[in-house]
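Down below is the structure, laid out as structure tokens.
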Amino acid sequence: MKEERSSGGVVIRRGGSGWQVLLIRDMNGSWTFPKGLIEKGELPEQTAVREISEEVGIGDLTLVKKLSPIVYWYRRNGRIKKTVLYFLFTANSDKPLKPQKEEGIQEAKWTPLHRAKTIVGYPKTNRSLLQETILSL
Ligand code: ATP
């Protein structure tokens, strides 16, 4: 069995009516969080910052804390066990989001944190990340 390790970010910011979270729509059409494979020599938090910048074009992130890793299995030329390390960041950004279409990211948006729970895809893994985020505020 093949194993993969990625790292990503749950990115929040203060909006006019409360906290908002950054969601991207992936190539399956599911709303989820930015992430990507950890490259050689990279610390997981560096991967997370790089992927957020590459996938939606925002920087100016402040690391709040490490969240619990998520684990899932999927099929791509055989079964793959994937562990994704997630970090909670706050963003200080009103810049427009630039979803990276070449990487299959169709859309990106800021969503009220309480609403995100009802629209995230992969709820088995992603809802626990949102719950942990809400409890950290
Ligand atoms: P990366 O962004 O790390 O480079 P990738 O784009 O190659 O990864 P994934 O996003 O891991 O691949 O998607 C592979 C499959 O895993 C998807 O088809 C989807 O079914 C499933 N998947 C993606 N995210 C999750 C998740 N958070 N929880 C459970 N299954 C997921």
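In this text, residue positions in the sequence shown follow our numbering: the first is 334, and each later residue adds one.
All C-beta atoms, glycine included, are put in the ideal place defined by N, C-alpha and C.
Inclusion of Gly-369 in the 7 angstroms shell around the ligand ATP follows from its C-beta lying nearer than that to a non-hydrogen atom of the ligand. The nearest non-hydrogen atom of the ligand ATP is less than 7 angstroms from the C-beta of Ser-339.
Cβ-Cβ distances below 7 angstroms link Ser-426 to Arg-346, Ile-391 and Asp-393 in the same chain, with the five nearest sequence neighbours on each side left out; the list follows chain order. The residues Lys-415 and Thr-458, in chain order, have a CB closer than 7 angstroms to that of Tyr-405 in the same chain once the five nearest residues on each side in sequence are set aside.
In the three-state reduction of the DSSP assignment, Ile-413 falls in the strand class, which pools E and B. When rounded, the separation of the alpha-carbon atoms in Val-354 and Ile-467 is 10 angstroms. For the ligand ATP, no non-hydrogen atom lies closer than 7 angstroms to the CB of Asn-425. By DSSP's assignment, Ser-339 forms a beta bridge with Leu-370 and Val-417. Beyond the five residues adjoining it in sequence on each side, Gly-437 comes within less than 7 angstroms, by CB distance, of Asp-359 and Met-360 in the same chain, given in chain order.
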